[in-house]
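The listed protein sequences derive, respectively, from chains X and A.
To convert, take the position in the first sequence, counting from 1, and add 16; that gives our numbering.
To convert, take the position in the second sequence, counting from 1, and add 16; that gives our numbering.
Number of protein chains: 2
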Amino acid sequence: MIKKRIGLIRVLTTSKEELLNLHGHLVMKYYPGFEVVSRCIPDQPEGIHDYETEQTAVPKVLALAREMEREGMEAVIVSCAGDPAVAEASAELRIPVIGAGRSAASAALVLGCPTAVLGITQEVPVAIRSILGDLLVSDAVPDGVESTLDLMEPEGKEAMIKAGVSLAEKGARAIVLACTGMSTIGAADTLKERLDIPVIDPVKAQAAAAWTLLV
Amino acid sequence: MIKKRIGLIRVLTTSKEELLNLHGHLVMKYYPGFEVVSRCIPDQPEGIHDYETEQTAVPKVLALAREMEREGMEAVIVSCAGDPAVAEASAELRIPVIGAGRSAASAALVLGCPTAVLGITQEVPVAIRSILGDLLVSDAVPDGVESTLDLMEPEGKEAMIKAGVSLAEKGARAIVLACTGMSTIGAADTLKERLDIPVIDPVKAQAAAAWTLLV
């Protein structure tokens, strides 16, 4: 079987191969028919966690996406729930551009139920908000979490669980995790052990979107 | 590994086991972690292909969905792009209710590109239209095709290809197949051989949605 080559863009700058490839390896574990090549944008060791860091990232993501198309990738995944440069790249490139945020929100839309968003930014990412529309009933940021790195600490993980449980108690019938750092720490599985509603993991959602669109 | 049991509702009445299980077998082929139990609604040997046949089907689908929840299924898939009774079942049941139409349209929404719908009903199904919004740029029904059975004839297949090619020529950057009978005949693969854009198969889309939401 010839594997489909997909480029995956990390918005967290890292020289650690394992961290760089983490989302790409998950996508390939879920869908062995994909060969995923991961690259990260330069000079953003704390990733994207507010408006400024997002704006800074946009041209860098676009440049990587162009490079990946030139190299013959069949799609580009932007592995960030803020979908930085996804609209721009999508309008410009010929190949599908798949953002984690859009993928996760679209998966929730299938259910058509009241949905909550659990992320690390004070504002729900624009694309997620726009896709969910009236279905978006609440959102939260785990206490004390300001960047994807905080999620990797035990305190961040505890705060994530607390926030997720509270969203479900307030009536959400599905939770969209609006940060791919949540995938890194396996937040969806942790929350699903405690909650009886779908919890949508953005890396899973983008992998499934790529499969549905390409295979 | 304990498989997740999912109920799949066919809206085409059939006593042929192979036809009854066709979509369920595809879902299990794509996602071996699912055990899919297929059932069909009674007295609709021509399936759903217009407003009247859809209205007749709604209470039957709802009854089957309730039965499946009672039997302990972890989700219900309504394997019809018209999403009959999906909103009603979703509001009533505790388990996720996944419609083929919503799943396919949501997958296209990830791309955020001009999208066409190729189906068998003169009107684009309501849920698909509502999800795609302004992204829906054109739609078509293959010449001479009035029900899912027509698609199984060579003439129906030829007409399907012609309609798909024409939608792409008119500027669509993705095509949603708005009839699960298209999955039965492998229409997405046939079209992808001729077109350079994503063609979304509703049975694949509902399978991927179930995986993203449940696993």
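Idealized CB from N, CA, C, for every residue including glycine.
Assign residue i to one of two classes, buried (16 or more other C-beta atoms within 10 Å of its C-beta) or exposed (fewer than that).
i        : result
Ile114/X : buried
Val181/X : exposed
Val138/X : Sequence inspection shows Gln at residue 138/X; the Val mentioned does not correspond to that position. That one is exposed.
Met89/A  : buried
Asp205/A : exposed
Ala221/X : buried
Asp212/A : exposed
Met176/X : buried
Pro214/X : buried
Tyr67/A  : exposed
Pro218/X : buried
Pro75/X  : exposed
Give the C-beta separation of residue i and residue j to the nearest angstrom, bearing in mind that I take them to be a contact with Cβ-Cβ under 8 Å.
i        : j        : result
Val43/A  : Val53/A  : Their Cβ separation, rounded to whole angstroms, is 11 Å, which puts Val43/A and Val53/A out of contact at 8 Å.
Lys178/X : Ile201/X : 14 Å between Cβ atoms; not a contact.
Ser163/A : His65/A  : 5 Å
Met84/X  : Val77/X  : Between Val77/X and Met84/X the Cβ distance is about 11 Å, and since that is not below 8 Å, they are no contact.
Phe50/A  : Ile22/A  : 5 Å
Pro61/A  : Leu230/A : That pair is no contact at about 31 Å.
Leu148/X : Ala124/X : 6 Å
Leu152/A : Val140/A : 7 Å
Check this for me: beta carbons of residue i and residue j, under 7 Å apart or not?
i        : j        : result
Ala81/X  : Ile57/X  : no
Ser119/X : Val126/A : yes
Gly117/A : Ala143/A : yes
Ser122/X : Ser122/A : yes
Trp227/X : Ala225/A : no
Leu134/X : Ala156/X : yes
Pro100/X : Glu70/X  : yes
Which residues in chain D have a C-beta closer than 8 Å to the C-beta of residue i? List them in chain order.
i        : result
Ala105/X : Of the protein chains in this structure, namely X and A, none is chain D.
For the segment 213-224 of chain X, which residues have a CB atom closer than 7 Å to at least one CB atom of chain A, in sequence order? Pro214, Ile216, Lys220, Ala221 and Ala224
Decide yes or no for the touch test of the segment 185-194 of chain A against the segment 128-137 of chain A: beta carbon pairs closer than 8 Å, at least 3 of them. The segment 185-194 of chain A and the segment 128-137 of chain A touch, with no fewer than 3 CB-CB distances between them shorter than 8 Å.
Any 3 or more C-beta pairs closer than 8 Å across the segment 194-213 of chain X and the segment 153-173 of chain X: In this structure the segment 194-213 of chain X lies against the segment 153-173 of chain X, because at least three pairs of beta carbons, one per stretch, are closer than 8 Å.
To be precise: take each residue of the segment 113-129 of chain A, compare its Cβ to all Cβ atoms of chain X, and keep it if any distance is under 7 Å. Which residues remain? Those residues of the segment 113-129 of chain A that come within reach of chain X (Cβ to Cβ, closer than 7 Å) are Ile114, Arg118, Ser119, Ser122, Ala123, Leu125, Val126, Leu127, Gly128 and Cys129.
Three or more beta-carbon pairs under 8 Å between the segment 23-32 of chain A and the segment 91-111 of chain A, yes or no? yes
Give me the subset of the segment 66-100 of chain A whose CB atoms are less than 7 Å from a CB atom of chain X, sorted by chain position. none
Listed in chain order, which residues of the segment 191-213 of chain X have Cβ atoms closer than 7 Å to some Cβ of chain A? When CB distances to chain A are screened at a threshold of 7 Å, not a single residue of the segment 191-213 of chain X falls below it.
Give me the subset of the segment 142-163 of chain A whose CB atoms are less than 7 Å from a CB atom of chain X, sorted by chain position. Ile147
Please list, in chain order, the residues of the segment 18-32 of chain A that have any C-beta partner in chain X closer than 8 Å. none
Could you please tell me which residues of the segment 176-192 of chain A, in chain order, have their CB closer than 7 Å to any CB of chain X? Contacts with chain X (Cβ-Cβ distance below 7 Å) from the segment 176-192 of chain A involve no residue at all.
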